[in-house]
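> Here it is, the structure in full.
2 protein chains.
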Amino acid sequence: MPSSPHAPTVVIENFYPCIEGGRHPVKRILGEDFTLWVDIFKDGHDIITAVLKWRMDGQQRWFEAPVTPTENDRWTATCAFAEIGRWEYCIEAWADTFRSWKKTFAIRVGAEDPDVPIEAAEGARLLLDASTRARAGGATDASAQLSECATLLQTLPPNEMLEVLLSEELQKLMDRYPDRSQSTVSPPLHAIVERERARFSAWYEFFPRSAEGLVNKHSRFRDCLPRLQYAQDMGFDVVYFPPIHPIGIAHRKGKNNTLTAQPDDVGSPWAIGGPTGGHRDIEPALGTEEDFVWLLGEAQKLGMEIALDFAINCSPDHPYVKDHPDWFYQRPDGSIRYAENPPKKYQDIYPINFHCADWKNLWRELIDVVLHWVDLGVKIFRVDNPHTKPVAFWEELITTVQRQHPEVLFLAEAFTKPRMMQVLGKVGFTQSYTYFTWRETKAELTEYATELTQGEMRWYYRGNFWPNTPDILPGHLQNAGPQMFRLRAALAATMSSTWGMYSGYEFCENEPYPGKEEYNHSEKYQLVARDWNAPGNIKAFIRQLNRIRRENPAMHLYDNLRFHHADHGDIICYSKCTPDFSNRILCIVSLNGHEPTASTVRLDLAALGLGPDSTYRVTDLLHPGASYEWRGAENYVALRPDGVSMHLFRVET
Amino acid sequence: MPSSPHAPTVVIENFYPCIEGGRHPVKRILGEDFTLWVDIFKDGHDIITAVLKWRMDGQQRWFEAPVTPTENDRWTATCAFAEIGRWEYCIEAWADTFRSWKKTFAIRVGAEDPDVPIEAAEGARLLLDASTRARAGGATDASAQLSECATLLQTLPPNEMLEVLLSEELQKLMDRYPDRSQSTVSPPLHAIVERERARFSAWYEFFPRSAEGLVNKHSRFRDCLPRLQYAQDMGFDVVYFPPIHPIGIAHRKGKNNTLTAQPDDVGSPWAIGGPTGGHRDIEPALGTEEDFVWLLGEAQKLGMEIALDFAINCSPDHPYVKDHPDWFYQRPDGSIRYAENPPKKYQDIYPINFHCADWKNLWRELIDVVLHWVDLGVKIFRVDNPHTKPVAFWEELITTVQRQHPEVLFLAEAFTKPRMMQVLGKVGFTQSYTYFTWRETKAELTEYATELTQGEMRWYYRGNFWPNTPDILPGHLQNAGPQMFRLRAALAATMSSTWGMYSGYEFCENEPYPGKEEYNHSEKYQLVARDWNAPGNIKAFIRQLNRIRRENPAMHLYDNLRFHHADHGDIICYSKCTPDFSNRILCIVSLNGHEPTASTVRLDLAALGLGPDSTYRVTDLLHPGASYEWRGAENYVALRPDGVSMHLFRVET
C-alpha cells in the first residue's frame, strides 16, 4: 500500500524539461521566465486544478502559479524566480470538487433534474467547507461570504442559484480556499538561477605577468590596470587570469615546454605551489594579496570582473605534498606519483588522489580554497581540466559554494568527449568551453550550434565560444591573415551570448609551434613582448562586435539562435531575436576567405516575427549607412573577403 | 558531502530504455533477452570495467553480465532473466586498476622506462590484493596462482613479465576477483518478466449464458465445453468471459439498454452484485463455483485459459452497499450516489469511492477478490474501464498480485485518451486494448502500429488488437460483408502478436443499433440465438490466420513489425521476422474492399535480412500453391476484393 495518508489521486508525469529523470537541475537567469510542460490527468471525469510551486532550497515558503491545460492532457506553467540561487519546484494537482460539482449542477438545472435540491445541498456543503478553511486561515470576510452563498444555494430558485454559482467572483473566492486535502504532489525538480553574466559575457584572457608586454620584466598586479582599461575599451566585461599562485621550482618547465628551465624562466602558472605557498597564496613576483584585492576593486570600478583559474595541479613543492602526502598517489617505494601519459612524464605535476582515505578532508580543503578567493571578491572561476577530476567532486564543490554565494560562476575548461562535457554542465558548471574552436564549415557550425542552443543541452549547458586559448591555435588561424581572425571572432561573438579570446588574438598572432596546435614561444612558459597598439590589429573590429552585442538585447540571449537557408555553401545565415521581436539581429557571414561569394538567402520569416510577404528594413550594424529595404523570404547578398565579408543586420519593420 | 563511504567514482547515466526516469518497469517475456544501453565514463584515463547486475525483487542473489563499450561512452549489456516475476537491475562500474596498470606497464616496458622495477612492484601489489580477495572467497588455488604471478612479476626480466601479464588466463583470473571497493552503482531500475502468453495470444470472447446459442435458455458453465472446443478449433487460446457474478436486480437494464427490464430480462453482467452475492460469487443461473472450476480444468486440458472480467461496478444490491456504505459516495440526504454523466443517469451502478476514509481496507478487499479467483485457477483478467479508477490503485493491485503470482496477466480495457492508456501500461497492465478498432486507412494503421511497436511504448505497452467488442461495432463493420470482416481480422492477427474478437464476428454480425457504434439487440442485455455453424461464416479463414500465427515464430513477437513501401495508397505492406531471420513473414494487404488494386511494393530488404540484390522465394500461406520467385526490392502485386485480397508470404532464400 502507498504509505501516504491518502492514495495518489492524480497522475503527474513526463515533465519537460527534465534532465536525467530530474536528477540534474535546469539553469535559468534571474528575470528570465521558466516555462515547463507536464502531463496531468486522473481517472474519471473530475475537473483537475493544478499549481506549480517553487521555493528557494532550504526555505519553507512556497510561491505558486497556475498550471493550464493545453491539449491531450499536457499542461503548462510559468514561474518567475525572485532571486538567484538554487530552487526546488513541483506540481500539486487535485480533483477540483467544486468546479466538477458546478459543471454538472449547471447541466442538472438546465435539464430540470428532480435531484437539483439535493445536489444544491451537496454544493452548499462544499461552500461551507471552504468557508471553514477560510475562517481557519483568518479570512473572516471571505468565510462569511462563502457561508452566505451556501445559504443562498439552498434557498434561491434554481436559475438564481446558477447566477450566484457561475459568478467569477465566487470561483475566485473558492480558488483561494480550495480543498487540497487529497492533492498529489510530484517529486521535486530543481533549478539553478544565476545572474545575467552567467549567460551574457565577453571574456578577455591575459597573463598578468605580461601585462606590460615586456619580455624582460615580470609585470605585477599593480601594472595591470592599463590592461583592464584596454580590455574594457574593446568591450570585454570579464578578464580572466591564468593561475596567480606561487609557481613550482622542482622540474619547472622551460620555454616552449622544454624539460629543463633556465634560471630566469618564469615557469607555467599551472604548476602550482612552491616554497612561498599553494592555492591560497599569490606568486610573489605578481605582488601581494593586498595588490590583488586592489586590482579587483579597480576592475569593479570599470564594471568588469576578474575571473581566476582554479587548477588543481600541485607541483612537487606544493605545501600539500609535505602536509598531506596521503592526498597523492604513493608508489611502492614511498615516493609520490607524478603525472604521466606513458611514455610521457610530467614530473612537474603531482596528481591528487580524490578517492584517498582522507577524501572528505581533501574535498573540504579544495572547496575552502575556492571560498577563500570568493571571500576576497572573486566571483568567477575558470576551472582547469575538470574532466580529469571526479564529476561528483565538482557537483559537491559548486553546490556548496553556490549555496553560500549564488553569485559565483564557474566555467568548465573541458575539451574532451561529449558525454563528459555535458555532465559537467549538468552537475552545475555555469558555462563550458565548446568544440566551436574546431568547427569550420557551414554544416559543422550549423549542426553544432543547433545542438547546443536548440536541443536538451540548452537547459544545462551554456557554451562559451573561444576562437583561441593559450593552449590552442587552431589550424585555420595558423599563419592566417586578419580576415580569418575577424571571421572567427565574429562567429564566436554572434552565435553565442558568451564568448572569449586570449590576448594576442587582436594582433592576429598566428605562429604555431611546428606540427602542433600550440603557439610557438607559448606565453604559458615565458614572458611575451607585445606592443598593445601594434599596427594591423583588429581591436576596432572587436570593439564593434562587443558594442553591437551590448546594444542589442537579442544578443544577450543564448537559446534564441535560428539558422536560415542560404543557397551558397560558404554563406551562413542565422538570427537572434528577443521573444517579443522588439530586437532582431540577422547575421549573414561568408566563410570563404579567398573569393567573393553571392547567394540568395531564404529567411524563415516566422522565426523573425515577420509575416509571409512583409516588407522590412535591414541595417548593417558593422557598416554604417548600409541599409536595405527587403521583402519576403528571398533576398540577395554579395560578400567579398577584401570588403564587406559579413552583414550584422538589425531587422526593423 | 556525499554520504556514501566513498565518493562516486564513475558516471552512469542516460539509460535506454528508461521509462519516466526509471519510475516504471520495462516489460519482458521469459526467454527474451533484454539489451540495454547506458553512458558510462569517468574522469581521467582509467580503464573502466562494468557489470549489469539483476536480481529478483526481494532476493539477495545478484546475477551478472559484462557491459561492453560501443562508441562515445555508450555501453551495452544483455541480461537473461531466469524466471517470471519482478526484477531489479543496475549497473556497477569501477576504475579497473589492474587493466589500467597493465596497459601503461606494457608501454613502459616497450619504452625501456627506468621505472619498470618500481612499477612491477605496483603490479605485484595489485596481484597480491586480488590473491587476498580470492583467499577470502575460499578460492585457494586461484589465490596461490595470483600470488605466484606477483612473485614472477618482481623476478622475471621485463619481457618475460609481459608474457605472464598479457596472458588471457591471468586477466580472467583477475576478473574473478576485481577490486570493486570503489565501484559506483546506478540507482535500481525494474523489469516485469512475464510468461509468453503476455505477448502472444489469441482471445475469443463469449457470454457463457449464450453458450448454446439459445434465445430462450440461459446456458450454464456445464454447457460451455462445446464452445471452448469450438474456440480451440478456430485456433484461439484464451477464452474471455464477461463478468460471471450475480447480476443486480434493482434498476436492471432491459434489452437494448432500456431503462426498465422485463421480468425475463437477464440484465447486464457488468451490473454486479445481488441477493446471491458480489464479486466473489457466481451468478446462480450460470452454475456453481464447482462448475466453474470444472470448466477451468477442461480449458486447461484443451491448452486454453479462461480470462475473467474484473469490473469494479456495484449494483445497488451488491453486498458492499450494505456492509460498507462508506466505500461509496454519500449524498447529503444519506442516499448513495449512482453513476451519472449528467444528464444521463445510471441508477443500476454505484461507483466506488476509492479515496474514502477506509480506502486501505477497500483496496485490500478488491485485491483479495482478484486473489480469490487466482486461487481458483484464473490467471488472466480483463479489467473493465480501469481508467475510471485511480491509477495508483491498479499499480498496487497488479504489483501485489504479481508478487505472489507472477503468472497472472491483466488486460486493460481502457478506451480513453492516450496518456491514460499509456500510464496503465506503465504501472503494470500486461496488455491493453488499442485504437486499432478505429484505424482504417493505410496512413492511420502505419502511424499507429509504428507508435505502438517501434517507439518507447514497446517497452511497457502491449497492444491487443480487437476488430470488435460487445460494446463496439465500428462503422466500417456496420452492414459490411465478409470481405471487410476478413480484412479486419487479418490486420489484427498479423500486425500484433496478440489479438482478439468477440463471438458473432465469425458470422459477420453487422447490425448496428441505429445511429450508434453499438450492436443492435446487444448481447450485453439479452440472450442471443446463434447457429454456431451458420453458412457464410468465416471460421475457416480465422482458423487459417491463427494457424499461420502459431506456426511462424515471427508472429509470436510484438516489436518486430516493419512497414514497407507500396505505391498504391490502398495497399499496406509490412513484415515480421525473428531476430535471426530464420522465420520471415511479409504481409501485403489491400484495404480496398470495392476495386482491384495493383502496386509495386518496394521492400526494405535489410529489414528482411536480405542483401540488396537477393533472389528469394515468397510463399503465400493463405493460398496454398501460390509461390513466387522475387528479386531485389521492387516487386509487383495485384489484389482483388473478390479473389486474392491479401498475401501472407513466408519469405525464404
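Protein sequences appear in the order of chains C and Z.
Take -17 as the starting number for the first sequence in our numbering and just add one per residue.
Take -17 as the starting number for the second sequence in our numbering and just add one per residue.
Each residue gets a CB set at the ideal place from its N, CA and C atoms; glycine is no exception.
Please report how far the alpha carbon of residue 577(C) lies from the alpha carbon of residue 594(C), in whole angstroms.
Along the first sequence, read from residue 1 onward, the residue named residue 577(C) stands at position 595. Along the first sequence, read from residue 1 onward, the residue named residue 594(C) stands at position 612. Taking the straight line joining both Cα atoms gives about 33 Å.
> Using a beta-carbon distance cut-off of less than 7 Å, what residues from the segment 387 to 410 of chain Z approach chain C?
Result list: 399, 400, 401, 402, 405.
> Going along the segment 221 to 233 of chain Z in order, which residues come within less than 9 Å of chain C, judged by CB to CB distance?
Answer set for the segment 221 to 233 of chain Z: empty.
> Any idea what DSSP makes of residue 276(Z), helix, strand or coil?
As a working mapping, residue 276(Z) is identified with position 294 in the second sequence. Correct three-state label for residue 276(Z): helix.
> Nearest by alpha-carbon distance to residue 570(C): which of 94(C), 583(C), 166(C) is it?
Translated into the one-based positions of the first sequence, residue 570(C) becomes position 588. Comparing Cα positions, the closest option is 583(C).
> Indicate the three-state DSSP secondary structure (helix, strand or coil) for residue 147(C) in the structure shown.
Position 165 of the first sequence, counted from the first residue, corresponds to residue 147(C). Reduced to three states, the DSSP call for residue 147(C) is helix.
> Based on the DSSP secondary-structure assignment, which residues constitute the bridge partners of residue 445(Z)?
Against the second sequence, residue 445(Z) aligns to sequence position 463. 414(Z), per the DSSP bridge assignment.
> With distances taken Cα to Cα, identify the nearest neighbour of residue 347(Z) among 366(Z), 306(Z), 314(Z), 361(Z).
Within the second sequence, numbered from 1, the residue matching residue 347(Z) stands at position 365. Of 366(Z), 306(Z), 314(Z), 361(Z), the residue nearest in Cα terms is 306(Z).
> Taking the straight line between their C-alpha atoms, what separation do you get for residue 328(C) and residue 321(C)?
Numbered from its first residue, the first sequence carries residue 328(C) at position 346. Numbered from its first residue, the first sequence carries residue 321(C) at position 339. Rounded to the nearest angstrom, the two C-alpha atoms are 5 Å apart.
> In chain order, which beta strand (DSSP E) runs of at least 3 residues are fully inside the segment 34 to 91 of chain Z?
The qualifying runs are 45 to 48, 56 to 61, 67 to 77.
> Hey, residue 84(Z) and residue 138(Z) are a contact pair by Cβ (cut 8 Å); roughly how many whole angstroms apart?
To locate residue 84(Z), count along the second sequence from 1; it is residue 102. To locate residue 138(Z), count along the second sequence from 1; it is residue 156. Rounded, the Cβ-Cβ distance is 15 Å, inconsistent with contact.
> Among 404(C), 12(C), 21(C), which residue has its Cα nearest to the Cα of residue 69(C)?
As a position in the first sequence, residue 69(C) is number 87, starting the count at 1. Nearest of 404(C), 12(C), 21(C) to residue 69(C), Cα basis: 12(C).
> Work out the CA separation of residue -6(Z) and residue 8(Z) for me, nearest whole Å.
Here residue 8(Z) refers to the residue found at position 26 of the second sequence. Here residue -6(Z) refers to the residue found at position 12 of the second sequence. Answer to the nearest angstrom: the Cα atoms are 19 Å apart.
> Does the beta-carbon distance from residue 57(C) to residue 32(C) come in below 8 Å?
As a working note, residue 57(C) is residue 75 in the first sequence. As a working note, residue 32(C) is residue 50 in the first sequence. Yes, the Cβ-Cβ distance between residue 57(C) and residue 32(C) is below 8 Å.
> Where are the beta strand (DSSP E) runs, 3 residues long or more, that stay fully inside the segment 111 to 160 of chain Z, in chain order?
Listed in chain order, there is nothing to give.
> When we look at the beta-carbon of residue 65(Z) and count the other beta-carbons within 10 Å, is it buried (16 or more) or exposed?
Taking the second sequence and counting its residues from 1, the one referred to as residue 65(Z) is at position 83. Burial call: exposed.
> Helix, strand or coil, according to DSSP, for residue 660(C) in the structure here?
In the structure displayed, chain C extends from -17 to 635; residue 660(C) sits before or after that span and is not available.
> Below 8 Å CB to CB, which residues in the same chain sit around residue 555(Z) once its five sequence neighbours on both sides are set aside?
In the second sequence, residue 555(Z) corresponds to position 573, counting from 1. Contacts found: 545, 546, 547, 548, 568, 569, 570, 571, 583, 585.
> Judging by CA-CA distance, which residue of 460(Z), 20(Z), 41(Z) is the nearest neighbour of residue 52(Z)?
Looking up residue 52(Z) in the second sequence gives position 70. Considering only alpha carbons, the answer is 20(Z).
> Under 8 Å between the Cβ atoms of residue 411(C) and residue 393(C)?
Residue mapping note: residue 411(C) aligns to position 429 of the first sequence, counting from 1. Residue mapping note: residue 393(C) aligns to position 411 of the first sequence, counting from 1. Taking 8 Å as the Cβ cut-off, residue 411(C) and residue 393(C) qualify as a contacting pair.
> Identify the contact partners of residue 341(C) in chain Z, using a Cβ-Cβ distance below 8 Å as the criterion.
Sequence index remark: in the first sequence, residue 341(C) carries index 359 (1-based). Those are -12, -11, listed as they occur along chain Z.
> Does residue 370(Z) have its Cβ less than 8 Å from a Cβ in chain C?
Within the second sequence, the letter at position 388 stands for residue 370(Z). By this cut-off, residue 370(Z) is an interface position.
> Can you name, in chain order, every residue of its own chain whose Cβ lies under 8 Å from the Cβ of residue 223(Z), other than the five neighbours on each side?
Taking the first residue of the second sequence as 1, we reach residue 223(Z) at position 241. Excluding sequence neighbours, residue 223(Z) sits near 187, 188, 189, 190, 288, 289, 290, 291.
> Run the CB neighbour count on residue 354(Z), radius 10 Å, all protein chains shown included, and call it buried at 16 or more, exposed below.
Residue mapping note: residue 354(Z) aligns to position 372 of the second sequence, counting from 1. Exposed is the call here.
> Have a look at residue 352(C) and residue 385(C) and give me their C-alpha separation to the nearest angstrom.
The residue given as residue 352(C) occupies position 370 in the first sequence. The residue given as residue 385(C) occupies position 403 in the first sequence. Taking the straight line joining both Cα atoms gives about 13 Å.
> Can you tell me which of 82(C), 62(C), 177(C) puts its alpha carbon nearest to the alpha carbon of residue 361(C)?
Translated into positions along the first sequence, residue 361(C) becomes position 379. Among 82(C), 62(C), 177(C), the Cα nearest to that of residue 361(C) is on 177(C).
> For residue 398(C), which three-state DSSP category applies?
Taking the first residue of the first sequence as position 1, residue 398(C) is located at position 416. Of the three classes helix, strand and coil, the one that applies to residue 398(C) here is coil, per DSSP.
> If you measure from the beta carbon of residue -5(C) to each beta carbon in chain Z, is any gap under 8 Å?
One-based indexing of the first sequence puts residue -5(C) at position 13. Judged by the 8 Å Cβ criterion, residue -5(C) is in contact with chain Z.
> Exposed or buried, what is residue 154(Z) when buried is set at 16 or more other beta-carbons lying within 10 Å of its beta-carbon?
By one-based count along the second sequence, residue 154(Z) stands at place 172. Exposed.
> Can you find the residues in the same chain that come closer than 6 Å, C-beta to C-beta, to residue 368(C), ignoring five residues on each side of it along the sequence?
One-based indexing of the first sequence puts residue 368(C) at position 386. Closer than 6 Å at Cβ, skipping near neighbours: 376, 394, 396, 406.
> Pick out the complete beta strand (DSSP E) segments inside the segment 226 to 299 of chain Z, 3 residues or longer, and give them in chain order.
Runs found: 287 to 292.
> Which bits of chain C does residue 337(Z) rub up against, with CB to CB less than 9 Å?
As a working mapping, residue 337(Z) is identified with position 355 in the second sequence. Residues of chain C passing the Cβ test: -12, -11, -9, 77, 164.
> Measuring only between beta-carbons, confirm whether residue 330(Z) sits less than 8 Å from chain C.
In the second sequence, the residue the question calls residue 330(Z) occupies position 348. With 8 Å as the cut-off, residue 330(Z) does not count as an interface residue toward chain C.
> Short of 7 Å in beta carbon distance, which residues of its chain neighbour residue 435(C), apart from the five on each side in sequence? Order them along the chain.
Taking the first sequence and counting its residues from 1, one reaches residue 435(C) at position 453. If we look at residue 435(C) and ignore the five residues flanking it on each side, its Cβ neighbours are 540, 541, 543.
> So which residues of chain Z does residue 54(C) contact, with C-beta pairs closer than 8 Å?
Residue mapping note: residue 54(C) aligns to position 72 of the first sequence, counting from 1. By Cβ distance, chain Z contributes 399, 400, 401.
> Is residue 373(C) close to chain Z, meaning its C-beta is less than 8 Å from at least one C-beta of that chain?
Taking the first residue of the first sequence as position 1, residue 373(C) is located at position 391. Yes, because at least one Cβ of chain Z sits closer than 8 Å to the Cβ of residue 373(C).
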